[in-house]
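Residue numbers (our numbering), protein chains in the order written: chain A, 1 to 245; chain B, 246 to 490. C-beta atoms are modelled at their ideal positions from N, C-alpha and C, and glycine is treated no differently. Okay, structure first, notes after.
Number of protein chains: 2
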Amino acid sequence: MINNKFGSVDHFLSENNLPFEDFFRFGLSVDCVIFGYHHGTLKVLLIQRGADPFKYQWAIPGDLVSPEEDLDSSAERILQHLTGLKDIYVEQFHTFGQRDRHPAGRVVTVGYFALVESEKYQPVASHWASDIGWFDIRNIPPLAFDHDDILAKGIEFLRKKVRTEPVVFNLLPPKFTLLDIQGLYEALLLEKFDKPNFRKKILSTGVLVPLDEVQTNVAHRPAKLFRFDQERYDTLKGNTINFEL
Amino acid sequence: MINNKFGSVDHFLSENNLPFEDFFRFGLSVDCVIFGYHHGTLKVLLIQRGADPFKYQWAIPGDLVSPEEDLDSSAERILQHLTGLKDIYVEQFHTFGQRDRHPAGRVVTVGYFALVESEKYQPVASHWASDIGWFDIRNIPPLAFDHDDILAKGIEFLRKKVRTEPVVFNLLPPKFTLLDIQGLYEALLLEKFDKPNFRKKILSTGVLVPLDEVQTNVAHRPAKLFRFDQERYDTLKGNTINFEL
DNA sequence: TCAAAAGTGTTCCGAATACACCCATGC
DNA sequence: GCATGGGTGTATTCGGAACACTTTTGA
């Protein structure tokens, strides 16, 4: 049992006899893999570092967590700074804690991913990055730190997620066509789908509501617009809707 | 940009002007939700705390991470101490970082889950816990800290995992009957399945190999024994086997 | 012989697949 | 008119659900 200024904390079974304080030496950061869907391609928002280490290299946006801050709040803060958006879809996916992952010391980072509607997003000027930009997930430059791993895990996580939950709608504007959804699934899963079958499948979930509205100014038959019905989804959820394709 | 003894670290965009060192004040722990399958019920290994805080309350086994240690190594260390086992299935599932989750200070904990074969497990005497025991997942006592949340998330994670990957075999001995698997799925998902259909479904995955062996000393027709073929699974994996029931 | 669980076969239905085809708009 | 993408219908196949039935062992 270890006694210290925090009280008796036998929660810890560590065998090495470090002073208790030495266990409180970790830095904690949050990194956000931000996805967007633009013109038929799935993109990720990256920043270019303005200083060493990894100066001029691209990286996943992130920040140290303050000791006063919850993890989730920290992710929201970063996202708001970077995109100017509140209330976007955010979820934690994995924590990266390799001993040597950060040259500045022992920093463990919690990976979050976010889904933003491209139309709403306003690029935000920032003092901590020399540049910022969207990258096609099929063409990512080498990233700083272990951010390649983080990005890979983030994409993998989203691909799995999308098969069981209707999260893709967070990447689309409130009104969209069925082909918009199909294009998004195709960009994400790198796979082509049969149009009539995709349409049947996605409508059979019962969570899409047709609107009395169609596309305008298109050089072909205008497509009907739909919206995602969150409440309908919540009531149907018990029966496990399957978004598998 | 922040300059300090670690060098120039503009990775961080924090706006409050805390000294850099103040960001390195986190404690980091690992908690392991250890699952076992005994006599038709799914169980979790818990320890009873021997001292304050939460004295005499049950908790998920865990420990502080040493600054010299990788996260995954830490989880393996805890598991080996507690069960005497190496090479068991371990996977990270979620990180819990609410500001007030630990009375001793700002401790963020990374949740892992492990699957152990009940036959192999040897209870290990420990100095940091006054008791240790398996609990049916349908009947868990109130737990210390935020361990109720951690356990709930761990179970949820395993339930999802089991639908896409053949992890359940890690809970069974190397040779098992088809009804063993069915019982395990039923205990995990709290649902009954039709025997003939379950059998067809699980055999259709192609990852089970029938052995030239049957049960002995049973008061009914002895069941054929099977083993899980990991290599076969790896080669079939591309075609996404579905373990959904 | 009987209880208990192992194991097989068959029917039915709905969902996924693979197509061929028609429709509305801008230019 | 014609290119372009929107949208519908159908025949076939495959897998899941439901359920009735036979087999093999110990006691």
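Taking the C-alpha atoms as reference points, what is the distance between residue i and residue j?
| i | j | result |
| --- | --- | --- |
| H256 (chain B) | L28 (chain A) | In this prediction, H256 (chain B) has a pLDDT of 43, which is less than 50 and means its spatial position is unreliable; what the coordinates show is noted afterwards. Taking the straight line from one Cα to the other gives about 12 Å. |
| V459 (chain B) | D425 (chain B) | 13 Å |
| V289 (chain B) | E336 (chain B) | 15 Å |
| Y233 (chain A) | L188 (chain A) | 22 Å |
| Q230 (chain A) | F113 (chain A) | 20 Å |
| T450 (chain B) | L481 (chain B) | 9 Å |
| Q343 (chain B) | Q302 (chain B) | 21 Å |
| P298 (chain B) | D315 (chain B) | 27 Å |
| G307 (chain B) | F24 (chain A) | 16 Å |
| L42 (chain A) | R408 (chain B) | 27 Å |
| K195 (chain A) | Q182 (chain A) | 8 Å |
| G36 (chain A) | L151 (chain A) | 14 Å |
| Y121 (chain A) | F20 (chain A) | 45 Å |
| F26 (chain A) | F271 (chain B) | 5 Å |
| K86 (chain A) | I60 (chain A) | 19 Å |
| L448 (chain B) | F169 (chain A) | 36 Å |
| S118 (chain A) | L171 (chain A) | 7 Å |
| L178 (chain A) | P467 (chain B) | 54 Å |
| F228 (chain A) | P173 (chain A) | 10 Å |
| K300 (chain B) | V452 (chain B) | 46 Å |
| D22 (chain A) | P348 (chain B) | 17 Å |
| D100 (chain A) | V278 (chain B) | 26 Å |
| I155 (chain A) | G111 (chain A) | 11 Å |
| D394 (chain B) | D149 (chain A) | 28 Å |
Verify the CB distance criterion: does residue i have a CB-CB separation below 8 Å to chain B?
| i | result |
| --- | --- |
| T205 (chain A) | no |
| D22 (chain A) | yes |
| L189 (chain A) | no |
| V214 (chain A) | no |
From this set, the options, which residue's C-alpha is nearest residue i's C-alpha?
| i | options | result |
| --- | --- | --- |
| F488 (chain B) | B:F443, B:R472, B:I395 and B:D457 | B:F443 |
| K201 (chain A) | A:P141, A:I241 and A:D229 | A:I241 |
| R106 (chain A) | B:D479, B:Y430, B:A397 and B:P312 | B:P312 |
| I137 (chain A) | A:H38, A:D22 and A:F26 | A:H38 |
| A75 (chain A) | A:Y185, A:L115, A:H220 and A:R163 | A:L115 |
| P455 (chain B) | B:V353, B:P441 and B:F471 | B:F471 |
| F145 (chain A) | A:R77, A:Q80 and A:R49 | A:R49 |
| V353 (chain B) | A:V30, A:R221 and A:L203 | A:V30 |
| H94 (chain A) | A:F157, A:H220, A:A219 and A:R221 | A:F157 |
| V185 (chain A) | A:P173, A:G133 and A:V167 | According to the sequence shown, residue 185 (chain A) is Tyr rather than Val. Comparing Cα-Cα distances from Y185 (chain A) to each of A:P173, A:G133 and A:V167, the minimum goes to A:V167. |
| L435 (chain B) | B:G329, B:N384 and B:K469 | B:N384 |
| L327 (chain B) | B:V452, B:I400, B:W379 and B:G399 | B:W379 |
| F176 (chain A) | A:T216, A:E165 and A:I155 | A:T216 |
| P142 (chain A) | A:F96, A:F193 and A:I47 | A:I47 |
| A296 (chain B) | B:D457, B:H392 and B:D376 | B:D376 |
Counting only C-beta atoms, is residue i closer than 8 Å to chain A at any point?
| i | result |
| --- | --- |
| E431 (chain B) | no |
| V412 (chain B) | no |
| D255 (chain B) | Because the pLDDT at D255 (chain B) is just 40, under 50, the model does not fix this residue reliably, and the value given afterwards should be weighed accordingly. Yes, because at least one Cβ of chain A sits closer than 8 Å to the Cβ of D255 (chain B). |
| L403 (chain B) | no |
| L324 (chain B) | no |
| F251 (chain B) | With a pLDDT of only 36 at F251 (chain B), under the threshold of 50, the placement of this residue in the model should not be trusted; the figure read from the coordinates follows. It does: the Cβ of F251 (chain B) has a partner Cβ on chain A nearer than 8 Å. |
What does residue i reach in chain B if we use C-beta pairs closer than 7 Å?
| i | result |
| --- | --- |
| R106 (chain A) | P312 |
| D70 (chain A) | G342, Q343 and R344 |
| R25 (chain A) | F269 and P312 |
Which residues in chain A sit within 8 Å of residue i, going by Cβ to Cβ distance?
| i | result |
| --- | --- |
| H339 (chain B) | Q92 |
| L388 (chain B) | Within chain A, no residue comes near L388 (chain B); the closest Cβ sits about 12 Å away, beyond 8 Å. |
Taking residue i as the query, report the chain B residues whose CB atoms sit under 8 Å from its CB, ordered along the chain.
| i | result |
| --- | --- |
| L85 (chain A) | Simply none; closest approach about 16 Å. |
List the residues of chain A that residue i touches, going by C-beta distances under 7 Å, in chain order.
| i | result |
| --- | --- |
| L273 (chain B) | F26 and V108 |
Can you list, in chain order, the stretches of the beta strand (DSSP E) that have 3 or more residues and sit fully within the stretch 419-463 of chain B?
-> Secondary structure within the stretch 419-463 of chain B: the beta strand (DSSP E) runs of 3 or more consecutive residues, fully enclosed, are 453-459 (chain order).
What are the uninterrupted segments assigned as beta strand (DSSP E) that are 3 or more residues long and contained completely in the stretch 56-126 of chain A, given in chain order?
-> The qualifying runs are 62-64, 89-96 and 107-115.
Only counting runs of 3 or more residues, tell me where the beta strand (DSSP E) segments fall wholly within the stretch 27-59 of chain A, in order along the chain.
-> Listed in chain order, the complete beta strand (DSSP E) runs (minimum 3 residues) inside the stretch 27-59 of chain A are 27-38 and 41-49.
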